[in-house]
Every structure is written in structure tokens, then in C-alpha cells.
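In this note's numbering, the protein residues as written are 17 to 116.
Down below is the structure, laid out as C-alpha cells.
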Amino acid sequence: MALLETKKTNTTLTTLNWQHYWIGKKGALALSEALKTNATLTTLNLQENSIGKEGALALSEALKTNTTLTTLNLGNNSIGNEGALALTNVSMASRCDIVT
Numbered sequence: 017m018a019l020l021e022t023k024k025t026n027t028t029l030t031t032l033n034w035q036h037y038w039i040g041k042k043g044a045l046a047l048s049e050a051l052k053t054n055a056t057l058t059t060l061n062l063q064e065n066s067i068g069k070e071g072a073l074a075l076s077e078a079l080k081t082n083t084t085l086t087t088l089n090l091g092n093n094s095i096g097n098e099g100a101l102a103l104t105n106v107s108m109a110s111r112c113d114i115v116t
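What follows is the structure, encoded as C-alpha cells:
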């Protein structure tokens, strides 16, 4: 997860495509922490990463403070109803378009 540490202080990367990387819940939790302080990433594709409900809940918390992410793809991640509801609520309050 060392790569995720660089996302906290990144000043140039605007798009990250991690489709099929299988980061799982642990990776989603680490990425969520990075998103809380990242100020450049606008597009994030996490399709098919097995993040589950816990990963979706962590990402929804990160999106409450992240003001730059505008597109988040979480298709095929088995986030469940609770994860989908949390993301829907934060999406309505932010500028981020979330695909599940």
C-alpha cells in the first residue's frame, strides 16, 4: 500500500484507473485516507476491486471532505445496499458522479 501514500501528496495526477486491481477492503480503506487530503485527483476507476460494503463506506466518508473528485466508478464491487446508500447520500451533497 506504499503507492497509496503518494496519493496523499500528489500534485499532478488527475485520473487513476485501477480497474481489476483487486485492492479489496484493505486497499479501499487506505485509498480513502489518501482521498481525504488529495487535492488533484478528479477521476477514479475502481471497477471490479472487491472493496465490499466496508470499502464503500470508507470512500463515502472520504468524499465528505474531498472537493476535487468528480467521477468515481465502483461497478462490480459488491458494496451492498448500505454501501450504495452511503455513496448516494454523499453524491447528492458533493459534485462527484458515482457509478455503481
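In this text, a Cβ means the ideal position worked out from N, Cα and C, and glycines have one as well.
- Counting along the chain, no beta strand (DSSP E) covers N92, and no H or E run does either.
- Under the DSSP assignment, T59 falls outside any alpha helix (DSSP H), being part of the beta strand (DSSP E) whose first and last residues are 59-61.
- In this structure, T84 lies near L57, with their beta-carbon atoms less than 9 angstroms apart.
- In this chain, T53 is not harboured by any beta strand (DSSP E); it is covered by the alpha helix (DSSP H) spanning 40-53.
- The C-alpha of V106 lies about 22 angstroms from the C-alpha of I39.
- Between the alpha carbons of A78 and G99 lies a gap of roughly 13 angstroms.
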